[in-house]
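K.L.:
To start, I am sharing the structure in question, which I have written as structure tokens.
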Amino acid sequence: MEVLLLETEDPDCFWVAMKGCGPCIVHEAEYESLHAEMNLFYGKSQGTDEVKPVAIEEGQVCVVFSEDLKCWCRAAVKSIISCTDDYQTKCFLVDYAKYLFVKSKDIRLVQEAFIQIPYRAKKCRLYGVKPMTLCISFYEDTAKMRPANRWDSAAIECFQSLLKAATEVKVQLCAVEDSTYHVFLYVTIKDEKVCINDHLVINNFAAFKEAMEENTRSSADHQENQTSLNADCIPVKIVHPALAFRPAVLQEKLPTNPDIDLIFLAETRQRLSTDLNGNTAFTVEAIPGLPLKEDPAVHADGLHQLLNSDPLKTHRTENCKQNFQKLSEERDFVFLSNKIEPVSGLETAPLFDGLRKELTRKKFVGPNFTESYCWPPAARGCDVVAISWQGNDPLIYIPPLLTCLQSESCYKALPKRDAPLALILCPGWKKAQLVFELLKTYGTCSRQLHPMLVILGQNKEAGSVKIQGCEVIVTTPYSLLRLFEHQGLLFCQLCHLVLDEIEVLFSDAAEQVFAILDCYKKAFGAEKQECSPRQIIAVGTRWHKHIAPLAEEFMDDPYIVITTVEEASIYGNVQQVVQPCMNSERTSVLLRILGCTPSDLQKVLVFTDSVNEAEMVHEALKSSSVTSLKIHKESKFHFKYILEQWTKKYSSGTCTVLVLTDDCMQSLGITDATCVIHFSLPSPRILGQRLHSMSDNFCPVTKACVAQEHTEARSVMLLTENSGCHALEILQYLQRAGAEMPPELHGFTAKMLEAEEEKKLSRPLCAYLKTFGICKNRTTCPERHQINLQIDVVQNVLDDKITQLPGYVTILPLNVVNATNYFGRIVDKEKDQYTILAEEMKEYFEKPSNKIPATTVQKLGFYGLCEEAFFHRVQVVEIPPKEEENLFFSVKIKYIDEGRTNQVQNYHLLHLPEKFQHLPPQAVEFVLCRVKPIDNELEWNPKVTRYIKQKIKGKLHEAKVVHTLGNTAWVDPMVRVTRIPALKVAINEYNVRAEILSTGLGADNPEHVTQLRKLCGRVKVLDHAEDLELLGIQEGTSGPGSASSPQDVSIEEKSTENCNPSEITVGSNHCGGVAQTKEAEETTLHQHKCLYPEMKWFQNEETVTVRVKIARAADCKCEFSKEKVVFSARSGDKLYLADMELQQYILAERSASVIKDEEVVIVLTKEKKGAWYRLLKNKNHHVSFDFEHWEEFEDESPFPVGKTELYCSATVPEELTDYSEDSGTDDDE
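Counting with the working numbering, you get residues 422 to 1650 for the letters of the sequence shown.
See below:
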């Protein structure tokens, strides 16, 4: 029967649609008619409640709309996920075999008329075959084909590639079980037909089930199934090609139809292969179920020939070759402190039946390699330390922990108290939340454990936490200690302590973790719980120096499982040596290292990265009378000869040296080397493979093995000036391994870090750097950590609004990212340009004739969008490449005036006239300063974010801008102010920073702004003229149509830490957002040696008074013009100069200056009466407002300060009492 392939997962799960005509086959035209009727029906009744379900259950058949298919489809609800605002449902489209996530409100009831036709998608699996996998034993030097519980990636890749290349697909139905069709699958590839069932068996990806059952029944056959890696050729009975490799039971079931002749190896399976010497030899591929004879003489060399793809060239398909090489490259490694028999599959896992069924129902694909070794000892209640690249997966410990807790009889001896039996420590709230959800998911099949997630802040809420009946607590170290202060009996019956991501716990909270371990140890000893279980499980991805004392002092003969060679070498006490040298000196340094080897037996491997390099090193050793061997892919020596020489017994003091390239490592299979010399710097992956050659000599320094004699393994790294590619990663690993770093490497490391940062210049500025002032994971963070003027300065939108007051602005948060990061607008209270634009857009688009859909949608193009009677300006930021050819497709847009992003359909976008594009994008990113999450957390707790979002979103706030960079403004404080015009009273409702701190989940971050200024201070700007030239700004450019309006970048020539503010020259002032006039620019050159005096100003309705703070002022001069004042004076040997361009006009003839006490007083007469919102046109951090002489103007006060101010809260924010002309340089502490 011919079929149409719909979806492919693996040989046990693929979906097809029947083609052709027949009594049980529905024609494609009927499905097309069905979907047309559904689209018509549900399109008309889309908004009505009659077609919406009252309740949704798993397994329910419904109708949903697919954005990809652009039609309504029949679907089955697979799962329901609870979200913040709605329920998400995972639906399976029963006619298209696709999964789709939809909101519950978008689900429709299926009508009776639409379920009369059977589902189009039929689930199938291959009949009569079971997956196989190759298990390699490095100790027995054998390889076994064993049954597997799931298909490995190579088998799936082979299966999918055959189906992809097929021009015709047919199936032969054999059985039906649970709505799954068991079939023989036939494909036509290049006019040749192949049975995929047989193809997988031939290539050892699978075996027939009957043959496997026969093998398990016969111990003799099982012994023969352990395949030697070199076997004599055996005759194979020649049968029909379609039946050659099938058990007799299956041969009877296959109809002898000539249309399904397939490609098989019908010969005797003898293959010619060429060894390294060019000789030919007969080999045979192992076929499950067929007896093979072993040759004991060649058994020792078998594994090495199998892992070497060049000497043993078997006749396989290209996919099989690639997979076999991949298998040998990524073979599993495990280092064990105690022998463990790994779990072969979920059926044999030491878990209780209910949990196994639940894992199967959740389609758990495991246990993986790490879990197979960790589950057995953990389920027995033993102490376990697991270090693996999969070590951050909670399923390493959750299933065995639940199995232990399932047995209530183990805990009968414990005192009956309200205390947990198990405690899981996670490095942060996010990981704790994940572990808690997994416990709830898999804990449903066990007895009631009542797990509890405990995340506590600093506001004394720990006293109200009730843990009655709770047997499992998931928390963080800091939260646990806060809880312990109020729950003194917390550890009294604790039996299981789990440390998740142990390296992170020890790095961020080592003191707290050891305090918890001490409490656990003391509580266990005090209660005398000898008959009760006591278990500590520690899992992580990297070894940490504190893990050794953890295992020694707090664990009882722990099972240590390490599945990464690099971490095993650290635990195994491999001595890491770094030898810096010039590239031309490597050979002499190598000889010197070999001359300093100890007198006892040494086996040295010298690794090179090319054949020429290996030959050069080998010749150098020979010329220096050092006996050495060499092997590489062009070598004439056979691997067997090299291994014989390597394993030969030599006299004491003899050093065996083997020079080789990396591609020979796995073929040789050496694990007993005592020293590895890296003549060329390896990549991190290759480093692990090289260190594996010393794995027999890994010996941890513990109390149990101190008295034992062992050979210390050593790794020597030659680091040259050409070692640039992976040097930083290798050096970071060596530092973690405790290697001594020569002093000259510190500068080299710094340069490498700088070079790595240079590669990130095009990336966005690190979000952690902006939000908290520091990035904890700088070396691994993919984002940029230095200023890039082209990105951070030449951006759109901090326009003149930021200069409307001396550092103070009115902001409107519209998109709250987290507790301290928001997107919104700066609002001009007098005449807000965006408000005017929004009204014009609304008036324009309310006319139906103006709602013109965009004919072509282009990336980065600007369009209009209507949302609930509001019209927005949006920019297309991403168009899926495959969807551009479709008529309707989804695009990612950004609301340029709000800062949020969204996915919309292209036909919703409207043409945006040019007149609405003149105003630059108004969205500004705001970051609230001087506050961060508690407990060294990297992200804000969602409770804080939700609280702040509800409080500030869509509300006007007054904020002081303390720093700006590109399109980002850092604010502190940010206050909600309510004005009562009738009473001329302004009320501070709340300070956002204080609100965050009041939750107990935020902490003070005093270094935030200082770190930002240090970051900007590293960029050197010579003077304003060069700065303008660098930024590409021309004088006189202004207006709303400007595409880029750079603002106060706060880039200083010198860091503010290293110079007195009064001594900062004018040339090093911050770059203003408004273009400087030519006259001001010319004066910069002769001002750079003068000091700018500190000034304070105040005003009344008619005059402005400026007080210049200069002690013992002499030679005072003050020149007045309509829009400018130039002041100069001398004090001792210091010259002061202030060229002030005023914000508004003055009457020069009526202005004057006078020296009074220790200051100079300048009185400026206003041309027009009224309030000035700032003194200077351009911001200057030496000029600030004098609040001591403040006079209130009616309804014009920027902040509610002065005699008429009222406060709702008891605490008045002190930050509002300091009002500076240049907010970017004030210290608000």
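Virtual Cβ for every residue (Gly too), placed ideally from N, Cα, C.
1) Kindly provide the ranges of any alpha helix (DSSP H) runs that are 4 or more residues long and lie completely inside the segment 927-1006, ordered along the chain.
2) Just to confirm before moving on: does the CB-CB distance between VAL447 and ILE538 stay below 7 Å?
3) Return the first residue and the last residue of the beta strand (DSSP E) that VAL472 is part of.
4) For TYR540, which residues in the same chain have their Cβ closer than 8 Å to its Cβ, ignoring the five residues on either side in sequence?
5) Let me know the secondary structure DSSP gives MET1173 once reduced to three states.
6) Please report the distance separating the alpha-carbon of ALA1532 from that of TRP1518.
7) Could you please give the first and the last residue of the uninterrupted beta strand (DSSP E) stretch that includes ASP1425?
8) Which one of GLU1609, LEU1186 and TYR863 has the shortest CA to CA distance from ASP774?
9) In whole angstroms, give me the CA-to-CA distance for HIS1339 and TYR520.
10) Quick one: grab the DSSP three-state call for VAL719.
11) Rounded to the nearest angstrom, how far is the Cβ of PRO1301 from that of PHE1309, given a contact under 8 Å?
12) Going by beta-carbon coordinates alone, are LEU901 and PRO848 separated by less than 7 Å?
13) Just to confirm, is the Cβ distance from ALA587 to ILE617 under 7 Å?
14) Would you say GLN1110 reaches chain C, if we count a Cβ-Cβ gap shorter than 7 Å as a contact?
15) Going straight from the alpha carbon of LYS526 to that of LYS511, what length do you get?
16) Reducing DSSP to helix, strand and coil, say where HIS620 ends up.
17) Mapping the DSSP letters down to three states, classify MET459 as helix, strand or coil.
18) So the beta strand (DSSP E) ASN1033 belongs to, where does it begin and stop?
19) Between THR1170, ALA1171 and GLN1207, which has its C-alpha nearest LYS1181's C-alpha?
20) Report yes or no: do three or more beta-carbon pairs, one from the segment 1265-1279 and one from the segment 1344-1360, lie closer than 8 Å?
21) Assuming VAL982 and VAL755 make a contact with CB atoms under 8 Å, what is their CB distance in whole Å?
22) Quick one: measure Cβ to Cβ for ASN813 and THR962, integer angstroms, because I've assumed they're closer than 8 Å.
23) Could you spell out the range, first to last residue, of the alpha helix (DSSP H) harbouring ARG822?
24) Restricting to Cα atoms, I'd like to know which of ASN1118, ILE1247, GLU1264 and ASP599 is closest to THR1389.
25) On the three-state DSSP scale, how would you describe PHE1608?
26) Using DSSP bridges, identify the partner residues of LYS544.
27) Report the three-state DSSP secondary structure of TYR1229 (helix, strand or coil).
28) Going by the CB atoms, is the gap between ILE1583 and VAL1547 shorter than 7 Å?
29) ILE876: which of VAL1430, LEU823, LEU1422 and LEU1558 sits nearest, CA to CA?
30) Could you tell me if PRO717 is buried or exposed, where buried requires 16 or more neighbouring beta carbons within 10 angstroms of its beta carbon?
31) Would DSSP call CYS803 helix, strand or coil?
32) Using 8 Å as the threshold, is the segment 1593-1604 in touch with the segment 1544-1562, meaning 3 or more CB pairs across them?
33) Quick one: grab the DSSP three-state call for GLU428.
34) With DSSP as the reference, label ARG1434 as helix, strand or coil.
35) Using the Cα positions of GLU1179 and CYS1187, report the straight-line distance between them to the nearest angstrom.
36) Does the distance from the C-beta atom of LEU1140 to that of PRO1001 stay below 7 Å?
P.N.:
For this structure:
1) 968-975 and 986-992
2) yes
3) Looking at the DSSP string, VAL472 is not in any beta strand (DSSP E), and its letter there is neither H nor E.
4) ARG495, VAL515 and ASP516
5) helix
6) 18 Å
7) 1423-1425
8) TYR863
9) 44 Å
10) In this predicted model, VAL719 has a pLDDT of only 32, less than 50, meaning its place in the structure is not dependable enough to derive any value.
11) 12 Å between Cβ atoms; not a contact.
12) no
13) no
14) Chain labels in this structure do not include chain C; a single protein chain is all it has.
15) 13 Å
16) helix
17) helix
18) First-last for ASN1033: 1032-1044, but that is the alpha helix (DSSP H), not the beta strand (DSSP E).
19) GLN1207
20) no
21) 7 Å
22) 6 Å
23) Residue 822 is actually Leu in this sequence, not Arg. LEU822 -> alpha helix (DSSP H) spans 819-827.
24) ILE1247
25) helix
26) TRP436 and THR601
27) strand
28) no
29) LEU1422
30) Here PRO717 scores only 34 on pLDDT, less than 50, and its place in the model should not be relied on; the value that follows carries that caveat. Result: exposed.
31) coil
32) yes
33) strand
34) helix
35) 14 Å
36) yes
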